[in-house]
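Asks: Here it is, the structure, as structure tokens.
Numbering (the numbering used here), first residue to last: 21 to 153.
Next comes the structure, spelled out in structure tokens:
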């Protein structure tokens, strides 16, 4: 199996009490929140906010998400959120992985994003310039 390219961004995040069920395990929907938060922080690490992109006429929009759950996260644990981005035609695929404190893969996802520029679906050249510079 070929090795994956290195991550472009990583950040820690702690599981909060309101994100778990009665067994102390993170509810599956919260992983989507963790991944969205990580994408926003990635953009900010590149000097971009979603407000700034919108003011430039660029709106990245999620078109699909595929997520696989491997190991649960539990109350109080600090996870490691990692991502890399690749362009596939007009789509930007965020490969996002979340790791347990012990380094095991908790979830892996592919989040596909397209660019709306000035209210219309675009080829994504402006978004590429902003995200992948």
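Here a beta-carbon is modelled for each residue, glycine too, at the ideal position from N, C-alpha and C.
I believe residue 95 touches residue 58 by the beta-carbon criterion, under 8 Å. Please report the beta-carbon distance rounded to the nearest angstrom.
Replies: As a first step, residue 95 must be located in the chain shown, where it is residue number 75. As a first step, residue 58 must be located in the chain shown, where it is residue number 38. Going by Cβ atoms, the distance from residue 95 to residue 58 rounds to 20 Å, so no, they are not a contact pair.
Asks: Note down the Cα distance separating residue 136 from residue 150, rounded to an integer number of angstroms.
Replies: Taking the first residue of the chain shown as 1, we reach residue 136 at position 116. Taking the first residue of the chain shown as 1, we reach residue 150 at position 130. Near 14 Å, if we compare the C-alpha coordinates of residue 150 and residue 136.
Asks: Can you tell me which of the three DSSP states residue 60 falls into?
Replies: Along the chain shown, read from residue 1 onward, the residue named residue 60 stands at position 40. In the structure shown, residue 60 sits in a helix (DSSP, three-state: H, G or I).
Asks: On a Cα-Cα basis, can you pick out the residue from 105, 80, 60, 114 that is closest to residue 146?
Replies: The residue you call residue 146 lines up with position 126 of the chain shown. Checking every option, the nearest Cα to that of residue 146 belongs to 80.
Asks: The beta strand (DSSP E) that contains residue 31, what's its start and end?
Replies: Working through the chain shown from its first residue, we reach residue 31 at position 11. Counting along the chain, the beta strand (DSSP E) containing residue 31 begins and ends at 29-34.
Asks: Cutting at 8 Å between CB atoms, please list the residues of its own chain near residue 125, excluding the five before and the five after it.
Replies: Along the chain shown, one-based indexing puts residue 125 at 105. Excluding positions up to five away in sequence, the list reads 90, 91, 117, 118, 119.
Asks: If I'm right that residue 33 touches residue 85 with Cβ under 8 Å, what's the distance once you round it to whole angstroms?
Replies: Residue 33 sits at position 13 when you count from the first residue of the chain shown. Residue 85 sits at position 65 when you count from the first residue of the chain shown. In fact, because the Cβ distance is near 18 Å, the residues do not count as touching under 8 Å.
Asks: Comparing C-alpha positions only, which one of 93, 123, 76 sits nearest to residue 39?
Replies: Sequence index remark: in the chain shown, residue 39 carries index 19 (1-based). The residue with the shortest Cα to Cα distance from residue 39 is 93.
Asks: Leaving out the 5 sequence neighbours to the left and right, which residues in its chain are closer than 8 Å to residue 28 when beta-carbon positions are compared?
Replies: For the purposes of this step, residue 28 is identified with residue 8 of the chain shown, where counting begins at 1. Closer than 8 Å at Cβ, skipping near neighbours: 62, 103, 104, 105.
Asks: Spatial neighbours of residue 66 within its chain, please: C-beta separation below 8 Å, excluding the five flanking residues on both sides.
Replies: In the chain shown, the residue the question calls residue 66 occupies position 46. Excluding sequence neighbours, residue 66 sits near 150, 151, 153.
Asks: Please classify residue 8: is it buried, with 16 or more other beta-carbons within 10 angstroms of its beta-carbon, or exposed?
Replies: Residue 8 lies beyond the stretch modelled for the chain, which goes from 21 to 153, so this question has no answer here.
Asks: Which value, in whole angstroms, describes the spacing of the CA atoms of residue 133 and residue 43?
Replies: As a first step, residue 133 is located in the chain shown; it is residue number 113 there, counting from the start. As a first step, residue 43 is located in the chain shown; it is residue number 23 there, counting from the start. Their backbone Cα atoms lie some 34 Å apart in a straight line.
Asks: Using C-beta distances below 7 Å, list every residue in its chain close to residue 31, excluding the 5 sequence neighbours before and after it, in chain order.
Replies: The residue you call residue 31 lines up with position 11 of the chain shown. Excluding positions up to five away in sequence, the list reads 58, 61, 101.
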